[in-house]
């Protein structure tokens with residue numbers, strides 16, 4: 185068997201820890217007694233901590249991720265015994281020296297000159313251990329020539345295990361005379377079984393130019409399995425040769441599937457990193473990372489991405505990273521964990537965080553899907569919910585309103601459709617439905633004007649919620665119906681919503697807009713409403729028109745197509761030939777499935793909590809109304825009176841009247857209270873005349889002569905106050 189001589193040169197990563205291990209014990213031993221006492225004690229404590237850390241590492245108790253985070257995990261593993269020995273020698277010298285002074289250091293350093301004394305024996309033992317440590321670290325401190333046996337492989341070059349066989353193949357086919365690259369030798373080989381790594385060294389004055397094809401031919405592996413990395417100078421290069429396909433070349437791995445199906449067309453210049461099995465979905469999760477020559481990730485078309493991955497819209501979730509434009513997270517699922525629904529865990533999940541965030545559902549990763557209702561510093565945060573009928577808008581509205589109710593918000597509810605969400609109507613301090621929905625907006629606008637005046641009077645810059653001055657949430661369901669400018673009150677509604685969206689935030693007034701779409705045509709043509717609500721708050725995108733994706737510029741929604749969210753989960757393919765023997769399965773609907781984006785929160789596929797009714801969680805004794813609004817007792821008269829008296833005009837208009845797109849206050853100005861008695865007084869007087877008797881709502885309506893909507897709202901208020909009792913639906917009685 186032949187032998188070859190190779191020069192093994194230590195790398196800088198090996199040399200630095202070795203040098204520190206050799207130099208630290210004598211240097212610190214000599215210097216510590218000369219330091220100021222406090223600094224000397226600190227040095228002693230540091231050496232003890234270092235000894236404890238290296239001892240923990242020596243016995244394998246330091247987590248692997250912490251060791252690997254240092255970047256020299258392999259060096260720490262190889263030198264763990266010498267690092268521990270050096271730290272113990274240092275502690276043995278420094279700790280007593282810090283407290284006993286220079287005399288101890290002198291005895292330890294020079295005591296071996298008097299071997300007959302105890303200090304001489306201790307000193308000699310200390311220096312002996314230090315010398316042994318230095319000898320053990322010699323391979324990591326200086327280059328050395330070694331002879332290596334180069335056995336001839338029995339089954340061809342690729343089958344020869346161990347560095348010896350690898351060196352022989354390299355010398356015969358690459359670096360030797362007649363080889364592909366004469367003089368470019370292989371040194372420092374490390375063989376781990378599935379791959380081997382080494383260093384290519386070219387003659388001085390020449391650079392390494394070994395090709396992957398040459399290495400692959402010599403070791404009988406594909407050139408794609410060979411990779412290079414730059415060394416410390418042009419004459420040095422690291423080489424890695426795999427014996428199995430790399431993950432990105434293996435079509436059975438996620439990296440291989442990405443490289444073969446996605447990278448060439450949908451997301452060029454990208455690759456996957458840290459791909460791993462996701463226990464939450466039974467599929468894969470990985471980071472999508474831009475290649476080194478790319479400044480950022482391209483924005484993928486989600487439909488194209490799903491198609492390239494041979495999957496479906498509900499089984500792929502792509503999440504851009506808000507802090508790093510070069511990175512995104514992708515889930516490729518076997519089964520979407522949201523398909524079985526996300527049961528409502530209880531009202532505790534709706535408790536706002538210190539920053540005003542609430543959980544409205546759960547994402548595919550298992551992370552709660554959160555949005556911000558208010559910011560303790562910036563004020564109220566608006567929310568926009570977009571989704572077609574059946575997409576789950578009502579459930580999302582109910583959850584957000586319940587969160588606001590439980591958090592002590594005053595809720596004002598406008599529902600032009602009528603009976604869209606009776607539980608929200610119940611928890612509201614004021615609710616108006618059907619054609620009267622504009623009344624809720626008028627009341628909200630009056631509160632807004634009052635708070636503007638109070639802020640100016642008090643010189644208040646930032647809103648601080650109190651029991652008397654709570655957060656106010658105005659919920660506008662099916663907003664497109666109330667902002668239809670073809671209706672009598674459409675332009676008035678657009679004007680009020682514009683004011684609430686632009687001025688309400690720093691006055692503690694949240695605006696929750698619920699609509700089928702986000703385009704301006706569905707908001708009375710006012711783009712300012714959409715901009716102020718979406719850009720200044722949170723966005724919930726459920727299944728809706730695909731065109732809406734171009735109108736949502738919130739970070740993280742890039743490439744999301746809400747029209748591609750299916751109405752049902754994974755509909756089975758229709759057979760080419762139908763037979764009555766084939767079973768027909770009823771598809772499950774995807775209500776509540778969509779995306780939520782809020783400041784600082786990742787935009788991920790999520791599903792809202794499944795809550796059939798919020799009624800069991802409503803605290804009827806804690807329905808809040810804004811006590812700072814001194815005209816609250818006149819709310820019904822205010823709601824009946826069109827907005828006027830401030831000289832404002834709707835955003836984007838300059839006309840002088842509603843017909844021209846502008847706004848002109850009536851000549852009388854101010855809010856006009858009706859001449860008839862207050863509605864609550866009239867109702868109580870009617871019930872007093874029939875004390876103790878149950879009276880149907882129709883009878884009360886006939887006796888009081890009130891408007892039906894005013895009567896309904898007032899009856900609800902009196903029930904909440906405990907002045908009257910609702911015996912059953914539509915029947916009332918005054919409490920004794």
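Numbering (this note's numbering), first residue to last: 185 to 920. Using N, Cα and C, we set each Cβ at its ideal position, and we do this for glycine too.
Within the stretch 369 to 441, the complete alpha helix (DSSP H) segments at least 4 residues long are 396 to 403 and 438 to 441, listed from N- to C-terminus. As DSSP reads the structure, residue 541 sits in a beta bridge with 556. Proximity to residue 497 across 753, 796, 886 and 209 peaks at 753, based on C-alpha coordinates.
Where residue 791 is concerned, there is no enclosing alpha helix (DSSP H), although the beta strand (DSSP E) around it starts and stops at 788 to 792. Looking only at 570, 210, 262 and 696, the smallest Cα-Cα distance to residue 558 is reached by 696.
Sequence-distant Cβ neighbours of residue 908 in its own chain, meaning closer than 8 Å and more than five residues away, are 867, 868, 871, 899, 902, 916, 917, 918 and 919. Shown here, residue 503 sits in a strand according to DSSP, grouped into three states. Beta-bridge annotation (DSSP): residue 456 is paired with 472. In this structure, the alpha-carbon of residue 655 lies about 36 Å from that of residue 751. Counting only the Cα atoms, residue 193 lies some 16 Å from residue 418. Collapsing the DSSP output to three states places residue 880 in a strand. Using a Cβ-Cβ distance cut-off of 8 Å, the stretch 602 to 612 and the stretch 888 to 895 are not in contact, since fewer than three pairs of beta carbons, one from each stretch, lie closer than that value. Scanning 416, 412 and 436 for the CA closest to the CA of residue 425 turns up 412. Three or more Cβ pairs closer than 8 Å define a contact, and the stretch 540 to 558 falls short of that threshold against the stretch 808 to 822. With fewer than 16 other Cβ atoms from the protein chains shown falling within 10 Å of its own Cβ, residue 283 counts as exposed.
Per the DSSP secondary-structure output, residue 351 pairs with nothing in a beta bridge. In the DSSP assignment, residue 515 falls within the unbroken beta strand (DSSP E) covering 511 to 516. Between the beta-carbon of residue 481 and that of residue 450 there is about 11 Å, and that puts the pair past the 8 Å contact cut.
The stretch 544 to 629 contains, as complete alpha helix (DSSP H) runs of 4+ residues, the segments 577 to 590 and 606 to 611 (chain order). In the assembly as shown, residue 682 is a buried residue. Its beta-carbon has 16 or more other beta-carbons within 10 Å. Distance from the CA of residue 791 to the CA of residue 744, rounded to the nearest whole angstrom, comes to 16 Å. Spatial neighbours of residue 521 in its own chain (CB-CB distance under 7 Å, excluding positions within 5 residues in sequence) are listed in chain order as 464, 465 and 548. For residue 815, the CB contacts under 8 Å within the same chain, skipping 5 residues up- and downstream, are 630, 634, 822 and 855 in chain order. Pairwise C-beta distances place the stretch 300 to 317 in contact with the stretch 199 to 211, as three or more of them are shorter than 8 Å. Take the alpha-carbon of residue 302 and the one of residue 237: they are about 31 Å apart. DSSP lists 909 as the bridge partner or partners of residue 917.
Note: residue 467 is bridge-paired with 462 in the DSSP secondary-structure output. Residue state for residue 527 is assigned as strand, using DSSP reduced to three classes. Under the three-state reduction of DSSP, residue 490 is assigned to helix. Residue environment for residue 477: exposed (fewer than 16 other C-beta atoms within 10 angstroms of its C-beta). In this structure, the CA atom of residue 783 is about 47 Å from the CA atom of residue 881. In this structure the stretch 284 to 291 does not touch the stretch 245 to 258; the number of beta carbon pairs closer than 8 Å is below three.
A residue is called buried once 16 or more other Cβ atoms fall within 10 Å of its Cβ, and residue 577 is buried on that count.
Using a 10 angstroms sphere on the CB of residue 799, the tally of other CB atoms stays under 16, which defines it as exposed.
Here the C-alpha atom of residue 474 lies approximately 32 Å from the C-alpha atom of residue 776. Nearest to residue 692 by C-alpha distance, out of 663, 652, 715 and 702, is 652.
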